[in-house]
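Working notes, structure below.
Residue numbers (UniProt numbering): 1 to 237.
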């Protein structure tokens, strides 16, 4: 049985066929395909803050990209450029804390890395052009900023990325204070691009979008960790 990987999802109006602007739970298919190619089975998790029992049926979790985290969750007033979906914050933070309590393998992508940071007691820069003076991390609508990152020697992300440090970013916020997490990757301008929790079996956050290239290095590592998790739980399903 392939390990089951949950992916947190958007709820947005979507259009297909005869249906126009129908409220829908969705993620870019790149996430699903990246997990499938890495040997996992993807399931979508729409926002639901009633409980976290779904984790009993999962072997790993991906916190997907999306809107900004509510600034009041890290003690700030909202910036004019900050756009939030509070229902996602409530549901995903509940899942995140419960997954950490279970030591469930966890990968945070873009917003997911920022959510990990906030859960760890850290804080965010709400609008990077105000801090960095450029927009290289989000060059334009639908345009990824390609950069060459550097990684901490001996870190998980350094081992996974190997000789290719190219990353594709699309974000206007970033990590200011990582809280209890360890920063293990940086953009050329010094902005944190990867965080890890060395005290847990697999907790990794990346600020870029590895799903766009269906990067088997990162998703493969998540699925491998989830496979180990599934060997101890599949008999209970």
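Virtual Cβ for every residue (Gly too), placed ideally from N, Cα, C.
The model shown is predicted, which means the values in this text are computed figures rather than measured ones.
Do the CB positions of residue i and residue j come within less than 9 angstroms of each other?
i, j, result
"residue 192", "residue 178", "yes"
"residue 84", "residue 67", "yes"
"residue 304", "residue 203", "Any property of residue 304 remains undetermined from this structure, which presents the chain solely from 1 to 237."
"residue 126", "residue 198", "no"
"residue 211", "residue 28", "yes"
"residue 208", "residue 149", "yes"
"residue 129", "residue 97", "no"
"residue 47", "residue 92", "yes"
"residue 226", "residue 141", "no"
"residue 216", "residue 37", "yes"
"residue 194", "residue 121", "no"
"residue 49", "residue 214", "no"
Could you check the C-alpha separation between residue i and residue j for me, to the nearest Å?
i, j, result
"residue 155", "residue 135", "28 angstroms"
"residue 15", "residue 22", "6 angstroms"
"residue 220", "residue 5", "12 angstroms"
"residue 224", "residue 73", "32 angstroms"
"residue 183", "residue 123", "13 angstroms"
"residue 76", "residue 17", "42 angstroms"
"residue 88", "residue 95", "10 angstroms"
"residue 20", "residue 228", "42 angstroms"
"residue 107", "residue 43", "15 angstroms"
"residue 113", "residue 24", "24 angstroms"
"residue 169", "residue 54", "30 angstroms"
"residue 12", "residue 45", "14 angstroms"
"residue 254", "residue 69", "No information on residue 254 is available, as it lies outside the stretch 1 to 237 that the chain covers here."
"residue 60", "residue 222", "7 angstroms"
"residue 35", "residue 62", "10 angstroms"
"residue 185", "residue 144", "18 angstroms"
"residue 196", "residue 205", "6 angstroms"
"residue 33", "residue 80", "35 angstroms"
Considering Cα atoms alone, identify which of the options is closest to residue i.
i, options, result
"residue 152", "131, 190 and 140", "190"
"residue 132", "200, 146, 166 and 174", "174"
"residue 8", "111, 217, 77 and 137", "111"
"residue 71", "118, 62 and 44", "118"
"residue 109", "64, 50 and 31", "64"
Whose C-beta lies closer than 6 angstroms to the C-beta of residue i among residues of the same chain, with five residues either side of it excluded?
i, result
"residue 10", "26 and 66"
"residue 176", "123, 124 and 125"
"residue 41", "2 and 4"
"residue 137", "128, 145, 169 and 171"
Quick one: what's got a C-beta closer than 8 angstroms to residue i's C-beta in the same chain, skipping five residues either side?
i, result
"residue 103", "200 and 201"
"residue 162", "217"
"residue 164", "none"
Short of 7 angstroms in beta carbon distance, which residues of its chain neighbour residue i, apart from the five on each side in sequence? Order them along the chain.
i, result
"residue 166", "146 and 148"
"residue 160", "217, 218 and 221"
"residue 90", "49"
"residue 39", "2 and 223"
"residue 234", "Per-residue confidence for residue 234 stands at a pLDDT of 49, beneath the threshold of 50, marking its modelled position as unreliable; the derived number appears in the next sentence. Excluding residues within five positions, the ones whose Cβ falls inside 7 angstroms are 1."
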